[in-house]
Amino acid sequence: MNEQPSKSISEIFEERTLIDRALKVAANRAFLRHKQLGRPIVVWQDGKIVKIPPEEICVDEEYF
Numbered sequence: 009m010n011e012q013p014s015k016s017i018s019e020i021f022e023e024r025t026l027i028d029r030a031l032k033v034a035a036n037r038a039f040l041r042h043k044q045l046g047r048p049i050v051v052w053q054d055g056k057i058v059k060i061p062p063e064e065i066c067v068d069e070e071y072f
């Protein structure tokens with residue numbers, strides 16, 4: 009099971025798409041967890057800290 013990766017770490021960082029997708033998946037999972045637990049999330053919006061209640065948290069099904 010010693011398969012060589014199809015891309016080097018340098019190529020992955022240069023391309024960014026895999027990293028961007030991983031960050032979107034992680035954030036989406038965190039949003040879902042907060043929603044399930046009934047806890048708000050806090051975001052930076054228009055130069056201000058904004059608390060979003062769990063019932064308003066949007067979860068994107070694409071990132072699961």
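If you count the sequence shown from 1, you need to add 8 to reach the working numbering.
The beta carbon of each residue, even a glycine, is placed where N, CA and C say it ideally should be.
(message) Distance check for residue 11 and residue 61, CA to CA, integer angstroms please.
(response) If you number the sequence shown from 1, residue 61 lands on position 53. If you number the sequence shown from 1, residue 11 lands on position 3. Cα to Cα, the separation comes out at about 45 Å.
(request) Taking all protein chains shown into account, decide if residue 43 is buried (16 or more other Cβ within 10 angstroms of its Cβ) or exposed. (result) For the purposes of this step, residue 43 is taken as residue 35 along the sequence shown, with counting starting at 1. Buried: at least 16 other Cβ atoms inside 10 Å.
(request) Name, in chain order, the residues that DSSP records as bridge partners for residue 58. (result) Residue 58 sits at position 50 when you count from the first residue of the sequence shown. DSSP links residue 58 through a beta bridge to 51.
(message) With the cut-off set at 9 Å, would you say residue 71 and residue 37 are in Cβ contact?
(response) In the sequence shown, the residue the question calls residue 71 occupies position 63. In the sequence shown, the residue the question calls residue 37 occupies position 29. Contact: yes.
(message) Please tell me whether residue 31 and residue 15 are closer than 9 Å, where the distance is taken between their beta carbons.
(response) One-based indexing of the sequence shown puts residue 31 at position 23. One-based indexing of the sequence shown puts residue 15 at position 7. Against a cut-off of 9 Å, the Cβ pair of residue 15 and residue 31 comes out as no contact.
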